[in-house]
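Worksheet: one structure, shown below.
Chains as they are written, first to last, in our numbering: chain A, 3 to 498; chain B, 1390 to 1684.
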């Protein structure tokens, strides 16, 4: 009774229909996660009523770390593993020599059946010559049945399609395992480093799901051996000119059409001070036990791998000191400044400095400059003026340490310093994914794009001549059973 | 003060003028394809279909020239921003379709869907996005970038043509109940199963390409952004497309599911693919989501 139930469950779990159903459920989860801000807060959700109840009740904002999704992934993993096991058992079975009978071959949908005037021996030779000429290799087989003269199984293809199919299914299993390891054991942090202010980094963290779920968060202790420091020696940024089409409409098919075909064509210009960062890199110093251990450069797409962590050049940040009439002005919240004697706020557009590469191939070093945007205060409400009608913002440019006149004040910037923003991550699942990914791709590619063919035939004796039954099975994009069958037919009837 | 770039201005003007001409050819071709479909319901005459195909060949030649000019301007493969990607997508669609239809010179129904999509892509490109050639952003300076974008769009193009074939099969088969035959639409009856089988083969062709697109995107993200998977809306939509076509391929291994379920899942994959490529920006804005692919 129990074994019947288990067999029944095994049948369901290893069914292709179950695989399709599980894919469908996973797709629903993906759709939910695509619509709702994953990892966001419920304040961002505009839904109300029943929809909100569902979203909050099922915690759909954390759909990919929720029990429903994880259970579905678990079932998918089980289905995949058991199907792969079932496939392996089938592959062992098909390695046994095939037993051919005329009845079995006739049952196939596209079987070639021909009455030929040749002797059975001649027919068999012609079939084998056809197959040998197309690099088919003979496989062990036997025939059974009265009247059968001979038969055979031939295969064409470098690797049996089942091995390729097995390989990419196994690689998906490895990929899922890798993703689970990432889910449980990875952590990620961000650091900002300014010159002469190294930041301490630990190679381990309490902030992994495994540590959190098993209550190690509060008791987690990082030993001194697992800590090191990262300092910034130098930050370099390169810019290129940012071209734009002068006067080109922001959008609109017809306005843009008129512009393209009219007024002598388009004009591409680069405006002064409009630069486009094309590279930013940081020269880091790694300190072990307080002493410098390594110096190296890191930039976008060239991460640093050190002690199980991977550091990425994420962004950068510039700071400067602002002086007005030789008095230092403190930065307010939101990056704003208030200058003495001037109503309204000044806001920094960031520091621009580095190397500029021009279109003609030349380069020059940009003297650091800051653009301060001045927004005057909102005037008191007057009867004949609409509210919000404050003056237009003005932009002031401060270059280097030269003082600029801003509304009667001598304003300058000093001590421009660049900070590098790095993110670092520990992810032990990545190596497994690096094994799984190429196997998945290449196995799938060869299975889909390659051609594998199996030809089975029997030749029966007839009073005058012989009868041929042949069946072709092809896999892969370039498979063409009909064409091959037609050619086989032609080769057999030629010279009759 | 501004600096004027004369060579860039000339090339960009030439490029956009060719683009508008190419769009015009695509539109004319699409209208002729639709006319042919209408005519086929009443008569067995393929004049409009042949004209449509000839115009499409002309459009592809012009579009190829456009891409070459862009490549020269950029100095890099032109798949950097949305404008260029949409143009590349439209070209891939049409080129793949013209390659597939060589066998059936009188069949033109799939051309309706292919040209419509190419027109939609180019309309979106020229209407909404900035065509200026800009320097490559640091995140795009990766050996993965070129192959990821090229092959991912190759996959999308193959799926577009496959799904267009499927749609045509479903429509013509439906019209069969109105006593129209396959020959009325330019397809010999003996070739029907071969024609329908093209959908399966195209999905089989495109599926490894899409897999590579996802894998290479993950590898690139690991190098550039610090994690191989961020549940980014664009990543999820490409995973949905992969899942949908995975379902289709599995369904095709079940003989009883090949017809109805196969068609349904193929068209589901098509829909998710369109949303992935063209609608992800719209979705991110609609739901206020952040996406690293929103460019």
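Note that beta-carbon positions come from the ideal geometry of N, C-alpha and C, so glycine has one too.
In summary, residue 395 of chain A is exposed, with fewer than 16 beta-carbon neighbours lying within 10 Å of its beta-carbon over all protein chains present. Around the CB of residue 1436 of chain B, fewer than 16 other CB atoms lie within 10 Å, so the residue is classed as exposed. According to DSSP, residue 323 of chain A shares a beta bridge with A:416. Secondary structure of residue 1532 of chain B (DSSP, three-state): helix. Taking a C-beta distance under 8 Å as the contact criterion, residue 438 of chain A and residue 137 of chain A do not qualify as a contact pair. Contact residues of the stretch 1493–1524 of chain B toward chain A are 1512, 1515, 1516, 1517, 1519, 1520, 1521, 1522, 1523, 1524 (C-beta to C-beta distance below 8 Å). Residue 462 of chain A is classed as buried because its beta carbon has at least 16 other beta carbons within 10 Å across all chains shown.
Closer than 7 Å at the C-beta level to chain B, one finds these residues of the stretch 247–263 of chain A: 247, 253, 254, 255, 258, 259, 262, 263.
Counting along the chain, no alpha helix (DSSP H) covers residue 279 of chain A; the unbroken beta strand (DSSP E) around it starts and ends at 270–290. The residues 1499, 1587, 1588, in chain order, have a CB closer than 6 Å to that of residue 1554 of chain B in the same chain once the five nearest residues on each side in sequence are set aside. In the three-state DSSP reduction, residue 1526 of chain B falls in the coil class, being neither helix nor strand. Where residue 237 of chain A is concerned, the enclosing beta strand (DSSP E) starts and stops at 229–247.
Residue 207 of chain A: not part of any beta strand (DSSP E); DSSP gives it neither H nor E. Buried is the label assigned to residue 1606 of chain B, since at least 16 other Cβ atoms lie within 10 Å of its Cβ. Remark: C-beta atoms of residue 257 of chain A and residue 251 of chain A approach each other more closely than 8 Å.
C-alpha of residue 1565 of chain B to C-alpha of residue 1434 of chain B: approximately 17 Å in a straight line. A check of alpha carbon separations from residue 375 of chain A across A:341, A:190, A:403 identifies A:341 as the nearest. Within the stretch 1453–1523 of chain B, the complete alpha helix (DSSP H) segments of 4 residues or longer fall at 1471–1489, 1498–1517, listed in chain order. The Cβ of residue 1578 of chain B sits no closer than 8 Å to any Cβ of chain A.
When the beta-carbon positions are compared, residue 1597 of chain B and residue 443 of chain A come within less than 8 Å of each other.
Residue 144 of chain A carries a strand assignment under DSSP once its states are collapsed to helix, strand and coil. Minimum Cα-Cα distance from residue 119 of chain A among the listed residues A:10, A:470, A:349 corresponds to A:470.
The DSSP-derived three-state label of residue 1621 of chain B is coil. Leaving aside the five residues that flank residue 1661 of chain B on each side, the residues in its chain whose CB is nearer than 6 Å to its CB run, in chain order, 1629, 1630, 1633. Secondary structure of residue 428 of chain A (DSSP, three-state): strand. Chain B places no beta carbon closer than 8 Å to that of residue 80 of chain A, leaving this residue out of the contacts. In this structure, residue 421 of chain A places its C-beta atom within 8 Å of the C-beta atom of residue 318 of chain A. Residue 427 of chain A sits close to residue 188 of chain A, with the two beta carbons spaced by under 8 Å. Of all residues in the stretch 36–54 of chain A, only 36, 37, 38, 39, 40, 41, 42, 46, 48 come within less than 9 Å of chain B when Cβ atoms are compared, listed by chain position. Distance from residue 126 of chain A to residue 156 of chain A at the Cβ level is roughly 12 Å; contact not present, criterion being Cβ atoms closer than 8 Å. Chain B has no Cβ within less than 8 Å of the Cβ of residue 369 of chain A. Within a 10 Å sphere around the beta-carbon of residue 347 of chain A sit 16 or more other beta-carbons, which makes this residue buried. Following the DSSP letters along the chain, one finds residue 82 of chain A inside the alpha helix (DSSP H) bounded by residues 69–96.
Going by beta carbons, residue 299 of chain A and residue 285 of chain A fall inside the 8 Å limit. Comparing alpha-carbon positions, the option among A:140, A:162, A:308 lying closest to residue 206 of chain A turns out to be A:308.
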